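**Student:** As given, the protein sequences belong to chains A and B, one line each in that order.
Everything in the first sequence is counted per the UniProt record's numbering, starting at 1 for the first residue and increasing by one.
Everything in the second sequence is counted per the UniProt record's numbering, starting at 1 for the first residue and increasing by one.
Glycine included, every Cβ here is placed at the ideal spot set by N, Cα and C.
Remember, it's a predicted structure, so these values are computed and weren't measured experimentally.
Protein chains: 2
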Amino acid sequence: MKKREDSIVGFIGLGLMGGALAMGLRKQGPRKIWGYDIDPTVIKMAIDRKVIDEGAFDSEGLKKMLPQCDLLFICLSPKDALVFLTTYMEHFKTGAVITDITGVKEVIINNLGNRLRNDIDYIPGHPMAGSEKEGFGNADDSIFKNRNYILTPLPTNQPENIELIKEIVTDLGFNHITETTCEIHDEKIAFTSQLCHVIAAALVDCEDDLSITDFEGGSFGDLTRIAMINAAMWTELFMCNRKNLLNNIEKFESSLEEMKRMIEAEESAELIQRLTAVREKRIIMGEIREAKNLKKE
Amino acid sequence: MKKREDSIVGFIGLGLMGGALAMGLRKQGPRKIWGYDIDPTVIKMAIDRKVIDEGAFDSEGLKKMLPQCDLLFICLSPKDALVFLTTYMEHFKTGAVITDITGVKEVIINNLGNRLRNDIDYIPGHPMAGSEKEGFGNADDSIFKNRNYILTPLPTNQPENIELIKEIVTDLGFNHITETTCEIHDEKIAFTSQLCHVIAAALVDCEDDLSITDFEGGSFGDLTRIAMINAAMWTELFMCNRKNLLNNIEKFESSLEEMKRMIEAEESAELIQRLTAVREKRIIMGEIREAKNLKKE
């Protein structure tokens, strides 16, 4: 793999995440940045703002762009990323390092099968950052500061290419990188991300009083900010990780049911004990996270 | 009721909330501030920091304090507030305005019955602010800025006394005051506050991996911050508002169940429609709240 300053970097999809990643990469001084988006006005905006040097918005443009890119970030939804990878497989540059940012990982790997060329290095990734806002116009690379990045390398990945991705994302602001398998990623993410979004959505869904915020002290706002969801994208993530998500919804439902039962039966002593354990567990979870932040600052 | 500058104000309980309210009241220049707390070291700290002028930490002290107070804030848990009101009813100053800050309201009113003296004016209240921290040492009156205050006046309350409380809490930083009944308060609060705390606790409860934050992008942190709960206080709140809370848990469970069913049945189109409606509802809820903030600034 070439050094970053000698590399041509490409972004497939210049939405909120693709746009922010390209903005961050710009500061790392690659030789050239290419951007692809189906919306030509986004390409124009990205060139005007000097986020990318050259753009493509159709298949013809892509076929010019892809053979030049030493490093490629696929910033699409899982299904679109899969379609893109299979459709343009023959156009990637020999030796290219390709990564993606999809929120679920198994669906891509399992469906790519043996179509992955062995002269390119595809390293699946997942930056744990985002916003309830959407699109290139809202892109801002400060969202990466102190966030987690997850890499789910394949057995065939070159160590030096994994190292390169790690250096790039560290310089983007991410402060904790976890390497794991696609399988473990999807299990864990079903809890931390997808279950949380389902809960937030259900909480808004079940309340009809639009002025309910008259009675709120912060909790409702905190729990439901992520309910301002991109419905199509999240439905796709939920469906792609269906089994893990259903397991996690059930896991949560049974804890909720236990607490409901204690309240119903007025088992105060038991509930105090349970809530005390919850408090301690959550404090430890926070401290483990905090220690990782401190280490990297 | 006397003017604020001529009044002697008392605080019963100098915890996080009582302490913060006393700090805020100090800036409003009352003639004198009294504080009661069972912990003498808290009283000493509050006097040293000039938050209160004189303190009491036992029944004898209270019997000296209460007959002097024109305005009294009871900053205790619901059950302790009820015990305090009934135990010291005969010691309140004639004409005193008394308010409280408990998170549930019916339990106090329903149990006080006809023991409430008719020469004092008890106006139940609920400041919708707080912190996962506890105690006077963490008290800080900046937590009131732009928060909601709920008053649940009784039919016997004097309009000028309700007005006085509203002026005081507005000057404390609260920017939206809702007047409602104890019954409606308890119904609404079961959703915005107690249900949210039960959900946060269940979400931490159901996860065993203490390093789960390696996989988090902000959602899990936002949803579970309030799981660092004062177990005894919240158990009391849950039990005092048991029926409303159980109704709200069930309301939430059925929305969650609906979404789970759609994911299970892979009903993508239906789920996208539902999540789109959720997004729109949450945006409107936020805008209604925002409009109230702007009005008061």
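1. Please report whether the beta-carbon of B:N175 lies at a distance below 8 Å from any beta-carbon of chain A.
2. Beta-carbon within less than 7 Å of B:L195's beta-carbon, same chain only, minus the 5 sequence neighbours each way: which residues are those?
3. In the DSSP assignment, the beta strand (DSSP E) including A:N148 goes from what residue to what residue?
4. Could you tell me the distance, in whole angstroms, from the CA atom of A:G173 to the CA atom of A:R282?
5. Give the C-beta separation of B:T182 and B:I109 to the nearest angstrom, bearing in mind that I take them to be a contact with Cβ-Cβ under 8 Å.
6. Using a Cβ-Cβ cut-off of 8 Å (strictly less than) and excluding sequence neighbours within five positions of B:N161, which residues of its own chain qualify?
7. When burial is assigned at 16 or more other CB atoms within 10 Å of the CB, is B:G186 buried or exposed?
8. How many angstroms separate the CA atom of A:I229 from the CA atom of B:T99?
9. Look at B:K93 and B:D58 and say whether their C-beta atoms are less than 8 Å apart.
10. Tell me which residues of the region 245-257 of chain A have at least one Cβ-Cβ distance to chain B shorter than 9 Å, keeping chain order.
11. Are any of the Cβ atoms in chain A nearer than 8 Å to that of B:N148?
12. Let me see if you follow: with CB-CB separation under 8 Å, is B:W34 close to chain A or not?
13. Quick check on the DSSP output: what are the complete alpha helix (DSSP H) runs of length 4 or more inside the region 122-202 of chain B, in order along the chain?
14. Report back the beta-carbon spacing between B:I177 and B:K166 to the nearest angstrom; my notes put them in contact at under 8 Å.
15. When DSSP labels each residue in this structure, what does A:T38 get in the three-state scheme?
16. Assign A:N148 to one of two classes, buried (16 or more other C-beta atoms within 10 Å of its C-beta) or exposed (fewer than that).
17. What did DSSP end up calling B:T102 once you bin it into helix, strand or coil?
18. Identify the continuous alpha helix (DSSP H) that holds B:L85 and give its terminal residues.
19. Tell me the residue span of the alpha helix (DSSP H) that contains B:F215.
20. Can you give the beta carbon distance from B:D141 to B:A46, rounded, assuming they're within the 8 Å contact cut?
21. Use the C-beta contact count for B:E257: other C-beta atoms within 10 angstroms, 16 or more gives buried, fewer gives exposed.
22. Quick check on the burial criterion: 16 or more other C-beta atoms within 10 angstroms. Buried or exposed for B:V204?
23. Is the Cβ of B:V104 closer than 8 Å to any Cβ of chain A?
24. Go to B:L237, then tell me how far its beta strand (DSSP E) extends in each direction, as first and last residue.
25. Using a C-beta to C-beta distance shorter than 7 Å, which residues of chain B count as neighbours of A:M285?
26. Determine the chain A residues that contact B:I207 at a beta-carbon separation under 7 Å, and present them in chain order.
27. Measure the beta-carbon distance from B:S7 to B:R26 and round it to whole angstroms, keeping in mind my assumption that it falls under 8 Å.
28. Decide if A:T156 is buried, meaning its Cβ has at least 16 other Cβ atoms within 10 Å, or exposed.
29. For the 8 Å Cβ check, are there 3 or more pairs between the region 128-137 of chain B and the region 80-93 of chain B?
30. Would you kindly check if the distance between the Cβ of A:I272 and the Cβ of B:A232 is under 8 Å?
31. If the criterion is Cβ atoms closer than 8 Å, does the pair A:S274 and A:M259 meet it?
32. Among the candidates A:D209, A:V42, A:A201 and A:L76, whose CA atom is the shortest distance from the CA of B:A277?
33. Report the option in A:I284, A:I184, A:K79 and A:T192 whose CA atom is closest to the CA atom of A:L112.
34. Specify the secondary structure class of B:L71 as computed by DSSP and reduced to three states.
35. Tell me the DSSP bridge mates of A:L227?
36. Near A:A227, what residues of its chain come up, given a Cβ to Cβ distance below 6 Å and the 5 sequence neighbours on each side ignored?
**Tutor:** Short version:
1. No, its Cβ sits nowhere closer than 8 Å to a Cβ of chain A.
2. Excluding residues within five positions, the ones whose Cβ falls inside 7 Å are L245, N248, I249 and F252.
3. Unbroken beta strand (DSSP E) run through A:N148: N148 to L151.
4. The straight-line gap from Cα to Cα measures roughly 25 Å.
5. Sequence inspection shows Cys at residue 182 of chain B; the Thr mentioned does not correspond to that position. With a Cβ gap of about 5 Å, B:C182 and B:I109 count as contacting.
6. The beta carbon of B:N161 sits closer than 8 Å to the beta carbons of M1, V97, D121 and I123 from its chain, once the five residues preceding and following it are set aside; these are given in chain order.
7. One point to set straight first is that residue 186 of chain B is Asp, not Gly, in the sequence displayed. Counting Cβ neighbours within 10 Å, B:D186 comes out buried, since at least 16 surround it.
8. Whole-angstrom Cα-Cα distance: 41 Å.
9. Result no, Cβ atoms of B:K93 and B:D58 do not sit closer than 8 Å.
10. Listed in sequence order: L245, L246, N248, I249, E250, K251, F252, E253, S254, S255, L256 and E257.
11. Output row for B:N148: interface = yes.
12. No, because no Cβ of chain A sits closer than 8 Å to the Cβ of B:W34.
13. Look at the region 122-202 of chain B and you find these whole runs of alpha helix (DSSP H), each 4 residues long or longer: 159-172 and 182-189.
14. Correct: roughly 6 Å between the Cβ atoms.
15. In the sequence as displayed, the identity of residue 38 of chain A is Ile instead of Thr. Of the three classes helix, strand and coil, the one that applies to A:I38 here is coil, per DSSP.
16. A:N148 counts as buried, since no fewer than 16 other beta carbons sit within 10 angstroms of its beta carbon.
17. B:T102: coil per DSSP, three-state reduction.
18. Counting along the chain, the alpha helix (DSSP H) containing B:L85 begins and ends at P78 to T87.
19. Judged by DSSP secondary structure, B:F215 falls outside any alpha helix (DSSP H); it is assigned neither H nor E.
20. Going by Cβ atoms, the distance from B:D141 to B:A46 rounds to 13 Å, so no, they are not a contact pair.
21. Counting Cβ neighbours within 10 Å, B:E257 comes out exposed, since fewer than 16 surround it.
22. By the 10 Å Cβ count, B:V204 comes out buried.
23. With its beta carbon at least 8 Å from every one in chain A, B:V104 lies outside the interface.
24. For B:L237, there is no enclosing beta strand (DSSP E); the enclosing alpha helix (DSSP H) covers residues A231 to C240.
25. Near A:M285 (Cβ distances below 7 Å), the residues of chain B are L210, I212 and T213.
26. The sequence shown places Glu at residue 207 of chain B, rather than the Ile named in the question. Those are F191, listed as they occur along chain A.
27. Rounded to the nearest angstrom, the Cβ distance from B:S7 to B:R26 is 13 Å, too far for a contact under 8 Å.
28. Classification for A:T156: exposed.
29. Taking 8 Å as the limit for Cβ pairs, the verdict is that the region 80-93 of chain B does not touch the region 128-137 of chain B.
30. Closer than 8 Å, so yes.
31. Checking the displayed sequence, the identity of residue 274 of chain A turns out to be Arg instead of Ser. Cβ distance < 8 Å, so A:R274 and A:M259 count as in contact.
32. That would be A:A201, whose Cα lies nearest to the Cα of B:A277.
33. Out of A:I284, A:I184, A:K79 and A:T192, A:K79 has the C-alpha closest to the C-alpha of A:L112.
34. Strand, per DSSP.
35. Leu is not the amino acid found at residue 227 of chain A; the sequence shown has Ala there. Per DSSP, none; premise fails for A:A227.
36. Spatial neighbours of A:A227 in its own chain (CB-CB distance under 6 Å, excluding positions within 5 residues in sequence) are listed in chain order as A200, A201 and V204.
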